[in-house]
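First to last, the protein sequences are chains A and B. The first sequence maps to residues 7 to 194 in my numbering. The second sequence maps to residues 205 to 451 in my numbering. C-beta: ideal position from N, C-alpha, C; glycine also. Structure record follows, encoded as structure tokens.
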Amino acid sequence: MSDDVRELVDRCLRGDQSAMLQLVDTYRGQVFGLCYRMLRHRQDAEDVTQESFVRALKSLHRWDSEREFLPWLLAIAGNRCRTLLSTRKRQPAATSLVEQVSDKTLEHAAAKNLAEEVELALETLREEYRQAFLLFHQHELSYQEISEALDCPLGTVKTWVHRARRELIARLAQRGVVQELKNEVRRV
Amino acid sequence: MKCDEFEAHLDEILDERRRPEWDAQLREHSACCPRCRDLASAYGVLLEGFRSLKLPECPADMPTRVLESHLARPRLAFPAKAALPAAAAAALFSTAAAVFVAVFLTRDGQREQVAYVAPPIAQVPVAQTKVKQIEQIKFDLEQWKKVPLVGAVFASAADNDKSTVPYEELAKGTGRSLANVVLRMPGVAGPRGVRPPQPSYGQEGGGVWPTHMSDELRPVAESVTETFDLILDTLPVTFWASNTRDS
């Protein structure tokens, strides 16, 4: 990790507001990207991104400067996302309608390109698989970093990422994006 | 390489963020296995599609919003912190009250239990024993008073201050020990101190006890006296009794 981040964090800990602005500006894209992919809702993603940064600034003194800053920050964001998702699950009456409308909207509208199909497939993944997949392929964290961020064994993270890939391929095959793999889908 | 090994190796390649088409083993197996080639292709399609995903732009004012929220949090947290001790105090008070009531009720229950069970066991026998002792003492006194000889001899001895009847004869006449007779005589130092001269021992209205002694204590004193008399009967006080009488 670069010394710039450590210095930035030190300045934040001393109460330097410009450093806080700089820190948020540096990582806002990555945090928001994870939140958006996890929550599939722009407004929720913005709210959780903001909350995650506020929490990070508040508990900045707990960050181990010997480790990378981004995994620690994304772990906070991921936890906030999962908290919100669990809240949604506890409110089935409100969320089911939203999800139904969302699914119908996405499924009725023909996917214009491969990216939309992949995005649609991502929504079908379990939260753990999706988070691990995103942290690995989107944020390019190592398995070790993901393991520390999610506080779970490294082997479990690997399994989640592998299963996420296979389920995504299976989903794409079901959607006819990869017609050739219909036989492989049954194996997944 | 077998087909099962192919997929595992493909995962390894992807885990190392390498491109599958650049791996010689995968390329060699794919050349002769259409199924594995399609599988590798599907992985490639997936990752290509994922890379092409476009994220909505994070609001540019996010740093400002975060900073405002971060700075506002202590002010917002103040009432929250103030409310927390209040809530904690309320909860603590409620808990303490509940514990106090529970303990109080429990103690009341124990008290009721003690008051209900223990006293009959602890007090009634004592009271009954005491009553029995008093009754026994009264009975002894009555029996003692019914001995006319003793009363007559003592009365004559007491009434006649100049009596020269030796204590030994009185003891023989009453059937008591010498010491017992000596100590029962008026004006003789005994266990109860110096006795005032009494008109008689066994007569009505008379008695050996000081007048200041309450009626409640007299049965007890009588019992003590009887016990002391029994002890005196066993003591060899002949010489002492003779000298006392002579003096």
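For residue 266 (chain B), the C-beta contacts it makes with chain A under 7 Å involve 30, 34, 55 and 56, in order along the chain. Taking a 10 Å sphere around the C-beta of residue 296 (chain B), we find fewer than 16 other C-beta atoms and assign the residue as exposed. At least one C-beta of chain A is nearer than 9 Å to the C-beta of residue 258 (chain B). Taking CB atoms only, residue 72 (chain A) has no neighbour in chain B less than 9 Å away. Contact check for residue 13 (chain A) against residue 76 (chain A) fails: the beta carbons are separated by 9 Å or more. Proximity to residue 61 (chain A) across A:70, A:81 and A:169 peaks at A:81, based on C-alpha coordinates. Per the C-alpha coordinates, the member of A:93, A:54 and A:32 positioned closest to residue 264 (chain B) is A:32. Check the Cα spacing between residue 223 (chain B) and each of B:430, B:251, B:261 and B:373: the tightest is with B:251. Look at residue 215 (chain B): its C-beta is under 9 Å from a C-beta on chain A. Classified as buried, residue 139 (chain A) has 16 or more neighbouring CB atoms from the shown chains inside 10 Å of its CB.
If you draw a 10 Å sphere on the C-beta of residue 231 (chain B), you find fewer than 16 other C-beta atoms in it, and that means exposed. Cβ atoms of residue 55 (chain A) and residue 88 (chain A) stay farther apart than 8 Å, at about 14 Å. The beta carbon of residue 234 (chain B) does not come within 9 Å of any beta carbon belonging to chain A, so the residue lies off that interface.
A buried status is given to residue 242 (chain B), since no fewer than 16 other beta-carbon atoms sit within 10 Å of its beta-carbon. Of the other Cβ atoms in all chains shown, fewer than 16 fall within 10 Å of the Cβ of residue 434 (chain B); this residue is therefore exposed.
Judged by their CB atoms, residue 86 (chain A) and residue 127 (chain A) are not nearer to each other than the 9 Å cut-off.
Linking residue 125 (chain A) to residue 218 (chain B) through their CA atoms gives a straight-line distance of about 20 Å. By the C-beta density criterion, residue 168 (chain A) is buried, having at least 16 other C-beta atoms within 10 angstroms. For residue 175 (chain A), the nearest beta carbon of chain B is closer than 9 Å to its own beta carbon. Scanning the stretch 9-73 of chain A from its first residue to its last, the whole alpha helix (DSSP H) runs of 4-plus residues come out as 9-19, 23-45 and 48-64.
Scanning its chain for C-beta atoms nearer than 8 Å, with the 5 sequence neighbours on each side dropped, one finds around residue 18 (chain A) the residues 25, 26, 29, 63 and 66, in chain order.
In the three-state reduction of the DSSP assignment, residue 148 (chain A) falls in the coil class.
Looking at the backbone, the Cα of residue 44 (chain A) and that of residue 275 (chain B) are separated by about 27 Å.
Counting other Cβ atoms within 10 Å of its Cβ, residue 84 (chain A) reaches 16 or more and is therefore classed as buried.
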